[in-house]
Amino acid sequence: LFFAFAIFSVVRSNKAGIKFANSDKAGSPYLIVCNSCSTLHSINRQFLDSKRPAAMANDRLEEIPRCDWEEWRDLYLRDWPRYELSYNTVQNYINWSKRDPKIKDLAIYSLNGSWRENGTYIIIDRIDLYMDTLEESTDTLRRALHLVDWDYYYVAVMCQYDKLLFETFEKLDVMVFNARPNTMYFLAKEKALTLSWQVPEGLRLGPLLPSHAKFINDLWPHRETGSEFYLERFIRWNVSMGLFDDREGGTLLGWCVLMQKGAMASLGVAERRKGYGTLVVKAFAKKLAELGHNSYASVLVDNEPSKALFESVGFKAIGRVNWMPRDELTPISVEDLEELQHLYSLESPEHETAYGLLQNYIDWFKIDRELKDFAIFSLNGTWRKNGTFVLEDRDQLFFFSLEDTNCSLSRALDLVNWDYSWKISACSPKKWPAVQEVLKRHNVELQFINFTEVFYMGKEQALELDLELPAGVHLRTLSGEQAASVNSQWPNAYVGSEFFVKRLISWNLTVALCDETSNELLAWCLRFQTGAHGILQVPVEHSRKGYGTLVAKAMAKKIAKMGFNSYAYILSSNEVSRAMFDKLGFRKVGIFIFARSVARKLVEGDH
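The letter at position 84 of the sequence shown is residue 84 when you use full-length UniProt numbering, and the numbering goes up by one with no holes.
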C-alpha cells in the first residue's frame, strides 16, 4: 500500500555533490552523497554559459526573502485545486521556518526577483526540488531551470512540468535517473468530515512519534540515503497518523505522513489485507479536514492496491503528475550491433568479453536471421551514450555497461521479467552489487551462484603454442550429431542444454581429438558465445593422458588465427583445470560470476 512522493531523480556529473544534513534536534547527522548515481562527465560553468542563450546571460536566481513568503504564498490563492499544492508548499515552509529560522540546505529562488510578477519559484530542500509558476508561457520557469546546478542529484517531487524539464535536460545533458508517473487524488475537506470508521478493539489511532521514522523507513520500498531524516522531519514538524496495537505495547500497524506539498505520503502497513491502510487514510483525511485542509495523494499509476484504497475512501482522480516517459527496454536492431560492439575496447577481460559476445551474435544472425527466443535491449535507447545492453538468449542472460556506475544497468535489469529462470552469465564483480539489489527488489531466489576464475592467453602467445599429437590420434571438428553425447557427459548439463550444446557445435569453433582407427571421441572443446573456451571434456576412461591439454592448445590457436585472445572460466574448486591452463601459460586476470535464478511460474520449454 505504499505510494511514492519522490518521482524522478536527475544528475549530470561525477561531482561528489555531498550535502551534510544535521537532524536538527533529532540526533545523528545524515550524509547525502549523490555521485553513486552519476553517469555522465562533469560539465563546468563555462560550458553551461555556452549553452545559455544570449538573452539569458544576465539571468540569476535570487532568494525570496523570508519576510515576503506570506505575500508570495497568497499569489497562489487562485484556481484551486490547480494551485492549492503550491499554496500548501509555501505555507509548509512558513510553518517550518517558525520551528527553525535557519533550515539547513534550504534555498527558495525566483528568477531575477520577479516572483511578484509571475509567482515563479524553485525550491531546493536538500535533494528535493519543487517548482511552479503562474505564467502561462512558463518562460520564466524555463530560464530559472537553466540556472539550477545540475551537477547535483535532485528528486523533483510531484512535478507537472515534465516537457519543460526534459527540454532543459536535453539542452544541458542532464540524465534522468528515474521517472515515475503518478495519478493525483483529491478529497474535499467537506466530504472528509463525513468519514466514519470503527477501530478494532485494542487498536488506537494517533500521531506518529519521531522514533517511528526508522521503522517506517526500513519498510519503505522507495527509501534512499537520507530518507529516514525526511520521515523524521515530517513526523516532528507536520501532522501525521498512525495505527497502534495497545495490546502489543503500542506496536505500529499502519502509518502516513504529510509531505511539504500537503499531500499524504509514505502510506504503509505492517500487515496487508487487514484494512489498516483504509483506517489510517480515513482518520488522516478527517484530521486534515478539521484543520481546514483538503486531502491529496499522489499514487503510482500502476499501484492498483493503493488506487483502489483511495477510491474506496472517496478520493477522486483529478489528473496526472510527473507524466514522463517511463523506463523501457528498447530493442537494439541487428544492424546496430556492430556500432554497439565498437564501443567496447579490447583493453580488459570484461570489455573484450562484451565485444566477443556481440561478435558471436553478429555471426549467428548471418546464419539465422530469425534467432528464436533472442532479444537484445538497451535502456530507453541510450546504448550509444553508455554502452549498456541486456541480452536474452533463451534462458541465458548477459549484460554489460561502459558506465563507471551501475545506474542504467540497474534500471535495465529492473525491467527484466524475473518470473523466468535465467542463467546469469559472465557478470563482473563490479556489476554484481547492482544485480543483487535488483534480485532483492524483485524477491528473486538463486538456485546457485558460482564465482569463476577468468584465465587469459594473448593471441600472440597462443600462435606460438607447440601442438604435437601422439601417434594414433587426430584433430577434427565436432558435428551436430555428437551433441547428445557431449551433453550427456557435461557435468553442468541442464534441461534444454542439449540444444545449447548443439548450437555451439553447429555454429561456433569446436575441436575434437579422435582415435584414428575407431574415430572414438577422446576429448573435445567448444567455444561459448563470449568467445571463451567452453565444455572442455575428457571421458573418464581417457583421463590423465594429456588429451585435455591438446584440445585446449588447439582451440587457443584456432581462436588466435581469428584475431582473438583466449579466455577460460574455471571454478576455483576445479584444481585440475586450473593447473592445466596455468601450465599452458594462461594467467588469471579476474573473476566472473554465473548464477541461476529460480523460476516463479511454470514455463513450457521449447528446445
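From the three backbone atoms N, C-alpha and C, an ideal C-beta is built for every residue, glycine too. Nothing here was measured: the structure is a model prediction, and the numbers come from that model.
Alpha carbon to alpha carbon, how far is residue j from residue i? Give it in angstroms, no decimals.
i    : j    : result
V280 : L291 : 17 Å
K286 : N238 : 15 Å
L111 : D59  : 7 Å
S240 : L267 : 10 Å
D74  : L85  : 12 Å
L571 : F448 : 13 Å
L358 : F377 : 12 Å
D218 : V301 : 23 Å
V90  : R273 : 37 Å
L469 : G458 : 23 Å
R432 : E464 : The identity of residue 432 in the sequence shown is Trp, whereas the question assumes Arg. C-alpha separation (whole angstroms): 36 Å.
L340 : R384 : 7 Å
K214 : G113 : 39 Å
A144 : Q160 : 16 Å
A512 : G472 : 14 Å
L106 : F594 : 46 Å
T405 : H351 : 15 Å
G249 : A270 : 15 Å
F389 : E481 : 34 Å
E453 : N519 : 34 Å
A434 : E403 : 12 Å
R587 : P305 : 55 Å
C514 : S479 : 13 Å
G319 : R223 : 26 Å
D173 : T138 : 21 Å
Taking the continuous alpha helix (DSSP H) assigned at residue i, which residues delimit it?
i    : result
N386 : 383-386
Y355 : 349-367
I505 : 497-507
Q341 : 337-342
I559 : 547-561
Y93  : 84-99
K430 : Note, K430: premise wrong, no alpha helix (DSSP H); not H, not E.
With burial defined as no fewer than 16 other Cβ atoms inside 10 Å of the residue's Cβ, what is the status of residue i: buried or exposed?
i    : result
P331 : exposed
D151 : buried
H533 : buried
R596 : buried
F451 : exposed
G387 : buried
W220 : buried
H474 : exposed
A553 : Before going on, a small fix: residue 553 reads as Lys here, not Ala. Result: buried.
S462 : Here residue 462 turns out to be Ala, not Ser, going by the sequence shown. It counts as buried.
S348 : exposed
N44  : For N44, the pLDDT reaches just 36, beneath the cut-off of 50, and the residue's location in the model is therefore unreliable, leaving the point undetermined.
Q198 : exposed
M562 : exposed
A16  : Reliability fails at A16, whose pLDDT of 33 lies under 50, so the model's placement of it is uncertain and the value that follows must be treated cautiously. That one is exposed.
V495 : exposed
E370 : exposed
S401 : buried
If you drop the 5 nearest sequence neighbours on each side, which residues of the same chain put their C-beta closer than 7 Å to that of residue i?
i           : result
residue 679 : Outside the shown range of the chain, which is 1 to 607, sits residue 679, and nothing can be said about it.
R247        : G202
D24         : Its pLDDT being 30, under 50, D24 is placed unreliably by the model, and the measurement read from it follows with that caveat. Only D100 meet the Cβ criterion.
N487        : A493, S497, E498, V501
R204        : F244, D246
F564        : G356, K459, G531
S425        : Q396, L397, F398, F594
F284        : M241, C256, M264
Beta-carbon within less than 8 Å of residue i's beta-carbon, same chain only, minus the 5 sequence neighbours each way: which residues are those?
i    : result
D414 : D327, V438, R441, H442
R142 : L164, E167, T168
Can you give me the start and stop residues for the beta strand (DSSP E) that residue i sits inside?
i    : result
P331 : 329-331
E228 : It is not in any beta strand (DSSP E) - E228 instead sits in the alpha helix (DSSP H) that spans 227-237.
W72  : Premise fails: W72 lies in the alpha helix (DSSP H), 69-74, not in any beta strand (DSSP E).
D393 : 389-393
K104 : Run containing K104: none; DSSP gives neither H nor E here.
Y420 : It is not in any beta strand (DSSP E) - Y420 carries neither H nor E in the DSSP assignment.
What whole-angstrom Cβ distance do residue i and residue j have, given they're in contact under 8 Å?
i    : j    : result
Y130 : E62  : Contact doesn't hold; Cβ gap of about 17 Å is too wide.
L243 : Y276 : 5 Å
I362 : E338 : 6 Å
A523 : H542 : 7 Å
K583 : L467 : Contact doesn't hold; Cβ gap of about 14 Å is too wide.
I64  : Y121 : 7 Å
L187 : N294 : 7 Å
Might you give, ordered along the chain, the residues of its own chain that have their beta carbon closer than 6 Å to the beta carbon of residue i, omitting 5 neighbours on each side?
i    : result
W490 : I535
Q260 : T89, N92
T251 : D245
Using a threshold of 8 Å, is the CB atom of residue i nearer than that to any non-hydrogen atom of the ligand SAH?
i    : result
L526 : The model depicted lacks the ligand SAH and carries no ligand whatsoever.
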